[in-house]
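Student: Anchor point for the sequence shown: position 110 equals 109 in numbering that gives the first Met the number 0, and the numbering is continuous, going up by one each time. Below are the structure tokens for one structure; questions will follow.
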Amino acid sequence: MQQNRIFILIGVLLIVGLWLYGTYIASPRPPHKRPSGTTSPDNRRVEKTDAEWKEILTRSQYNITREQGTEWANSSELNHELRRGIFSCVSCHNPLFRSDTKFDSHTGWPSFYAPIVPNAIYTESDGSRTEVRCSVCDAHLGHVFNDGPEPTGLRYCMNGVALAFTQEKP
Ligand SMILES: [Zn+2]
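In structure tokens form, the structure reads like this:
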């Protein structure tokens, strides 16, 4: 008798668990709302549904840019990218950072002291940290900290997965 109850309980928990999991993976992620007054270079704007992002992004790109994930430290090849060029948003190709503002922060993440233009990105409070997003498509890029080098004193700590590098001719 006691055993039957346990089996029923396990069965019910399993069904509820599967149902919750099903609704979780089936529910589309609502689009991120930019803070009012946010601008972007040339007023460019790229908006896609969750399903459309999933189609064009790899699993890790989607996880970082749309689910605010963080890549493993030292996992991105862009960490060691020292050539002259531009780092753009992997989701919408919005130019974000120039190579001459890149520095070695010894953190394991590509780091820059300033965006290419001020409105290439925008920031939002993320608990105790400040989140950095692409102003064109709202992709989560990483965080910004106040322990960067001169001239800004800022450290834009980026996920390499969220960036695409284009080399410029020397
Ligand atoms: Zn973007």
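In this text, a Cβ means the ideal position worked out from N, Cα and C, and glycines have one as well. The structure presented is a predicted model; accordingly, all values stated were derived computationally and were not measured.
Indicate whether residue 90 and residue 138 have their beta-carbon atoms separated by less than 7 Å.
Tutor: Their beta carbons are under 7 Å apart, which means residue 90 touches residue 138 by this criterion.
Student: Expressed to the nearest angstrom, what Euclidean distance is found between the alpha-carbon atoms of residue 141 and residue 165?
Tutor: Approximately 20 Å between the Cα atoms of the pair.
Student: Return yes when at least one heavy atom of ligand 1 lies under 6 Å from the C-beta of residue 93, else no.
Tutor: Yes.
Student: Which of helix, strand or coil does DSSP assign to residue 100?
Tutor: Helix.
Student: Could you tell me the distance, in whole angstroms, from the CA atom of residue 86 to the CA atom of residue 19?
Tutor: Their Cα atoms are separated by approximately 39 Å.
Student: Are the segment 106–120 and the segment 140–159 in contact at 8 Å, needing three or more beta carbon pairs?
Tutor: Flag = yes, the segment 106–120 and the segment 140–159 touch.
Student: Would you kindly work out how many angstroms separate the C-alpha atoms of residue 93 and residue 45, rounded to a whole number?
Tutor: Rounded to the nearest angstrom, the two C-alpha atoms are 10 Å apart.
Student: State the start and end residues of the unbroken alpha helix (DSSP H) segment that holds residue 60.
Tutor: Counting along the chain, the alpha helix (DSSP H) containing residue 60 begins and ends at 58–66.
Student: Mind checking who residue 107 pairs with in its DSSP beta bridge?
Tutor: Note: residue 107 sits in no beta bridge, so no partner.
Student: Starting from residue 115, trace the beta strand (DSSP E) in both directions and tell me its first and last residue.
Tutor: Element bounds for residue 115: n/a, residue is neither H nor E.
Student: Apart from the five residues on each side of it in sequence, which residues of its chain come closer than 6 Å, Cβ to Cβ, to residue 163?
Tutor: Correct list, in chain order: 87 and 89.
Student: Going along the chain, which residues of its own chain have a beta-carbon closer than 8 Å to the beta-carbon of residue 159, five neighbours each way excluded?
Tutor: The answer, listed in chain order, is 70, 74, 75, 76, 77, 78, 108 and 109.
Student: Starting from residue 163, trace the beta strand (DSSP E) both ways and give me its first and last residue.
Tutor: Start and end: 162–166.
Student: Run through the segment 114–153 for me and flag every whole beta strand (DSSP E) of 3 or more residues, listed as ranges in chain order.
Tutor: With a minimum length of 3 residues, the continuous beta strand (DSSP E) runs that stay inside the segment 114–153 are 120–125, 128–133 and 139–144.
Student: Does at least one heavy atom of ligand 1 sit under 6 Å from the Cβ of residue 90?
Tutor: Yes, the beta carbon of residue 90 sits closer than 6 Å to at least one heavy atom of ligand 1.
Student: Check whether the Cβ of residue 119 lies closer than 6 Å to any heavy atom of ligand 1, and answer yes or no.
Tutor: It does not: the Cβ of residue 119 is nowhere closer than 6 Å to a heavy atom of ligand 1.
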